[in-house]
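Chemist: Going by full-length UniProt numbering, the sequence shown opens with residue 1, and the numbers climb by one from there.
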Amino acid sequence: MNIVLYEPEMPANTGNIGRTCVATNTRLHLIEPLGFKLNEKALKRAGLDYWDKLDVTVYSDYQDFLEKNPGAKIYMATTKAKQVYTDVSYEPDCFIMFGPESRGIPEEILLENQETCVRIPMWGDIRSLNLSNSVSIILYEALRQNGFEKMQMEGNLTKYTWK
1 MNIVLYEPEM
11 PANTGNIGRT
21 CVATNTRLHL
31 IEPLGFKLNE
41 KALKRAGLDY
51 WDKLDVTVYS
61 DYQDFLEKNP
71 GAKIYMATTK
81 AKQVYTDVSY
91 EPDCFIMFGP
101 ESRGIPEEIL
111 LENQETCVRI
121 PMWGDIRSLN
131 LSNSVSIILY
141 EALRQNGFEK
151 MQMEGNLTKY
161 TWK
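(1) Look at Tyr6 and Gly99 and say whether their C-beta atoms are less than 8 Å apart.
(2) Which residues in the same chain as residue 167 place their Cβ atom closer than 8 Å to its Cβ, once the five residues preceding and following it in sequence are excluded?
(3) Spatial neighbours of residue 184 within its chain, please: CB distance less than 6 Å, with the 5 preceding and 5 following residues excluded, ordered by chain position.
(4) Applying the 10 Å Cβ sphere with the 16-neighbour rule, what's the burial state of Trp123?
(5) Hey, which unbroken runs of the alpha helix (DSSP H) at 4 residues or more fall wholly within the UniProt domain "tRNA/rRNA methyltransferase SpoU type" (2–140)?
(6) Should Tyr140 be labelled buried (16 or more other beta-carbon atoms within 10 Å of its own) or exposed?
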């Protein structure tokens, strides 16, 4: 799986998403400009000690991303989509793209990818969910659809044992 952050603005969100990517063996793709520096304290703090284990690629712009990932199947997460994120079948090597916190993916990009735009349902007039929460919701649905391939499915107690 691949998570793409188009021009992310908040280091804490990107740090949290990076940690989720490490925990799910998912690649993270960052499209510049970024609203922070990759060595920023808030980014590292949110990613804890996982950031050095992250498979991350940075692109100079959206065109650079497209050129370096030819033929990529890209799902666009947006509050403007007609279909719900659970209505599509995610391929194991797909890309799930999220826009900047303050404005989302540009509408011209959404129009070019209408059939792969997905949304998370929300109640009432809420503008959007937190970016790192949105990534987790859609990523885990994609992972579920692919059988949580190679993921640890059981936990262990440290002091006791399960019966």
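All residues carry an ideal CB built from backbone N, CA and C; glycine is no exception.
Modeler: Reading off the structure:
(1) Gly99 is positioned such that its CB atom lies closer than 8 Å to that of Tyr6.
(2) Since the first and last residues shown for the chain are 1 and 163, residue 167 lies out of range.
(3) As shown, the chain starts at 1 and ends at 163. That puts residue 184 outside it, with no answer to give.
(4) exposed
(5) 11–24, 41–47, 62–68 and 107–112
(6) Per the 10 Å Cβ criterion, exposed.
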